[in-house]
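In my numbering, the protein residues as written are 20 to 89.
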């Protein structure tokens, strides 16, 4: 239960920060809302693929080392 509540807290915090960043950049900067959405989508996709790729590489080497020890 505690782990789930921490995850909910982290998601809510990120959503609040994202809303604040979008507000600041769209009203204070020169970017349109469409540009901001595309920008954050690209950054999000880059982060997702970086994390997934790194996890797969690490899992490959972990399994390789476990097979070696047997």
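Glycine residues also receive a C-beta, built at the ideal position from the N, C-alpha and C atoms.
Here the structure is a predicted model, which is why all the values come from computation and not from measurement.
How big is the Cα-Cα spacing for residue 46 and residue 62?
20 Å
Measuring only from the beta carbon, is residue 65 closer than 8 Å to any heavy atom that is part of the ligand PLP?
Questions concerning the ligand PLP fall outside what the structure shown contains, since it holds no ligand whatsoever.
Cβ separation of residue 55 and residue 41, assumed to be a contact under 8 Å, to the nearest whole Å
6 Å
For residue 64, does the three-state DSSP call read helix, strand or coil?
helix
Give the straight-line distance between the Cα atoms of residue 50 and residue 36, rounded to the nearest whole angstrom.
18 Å
Since residue 89 is in the alpha helix (DSSP H), which residue starts that stretch and which ends it?
Careful: residue 89 lies outside any alpha helix (DSSP H) and carries neither H nor E.
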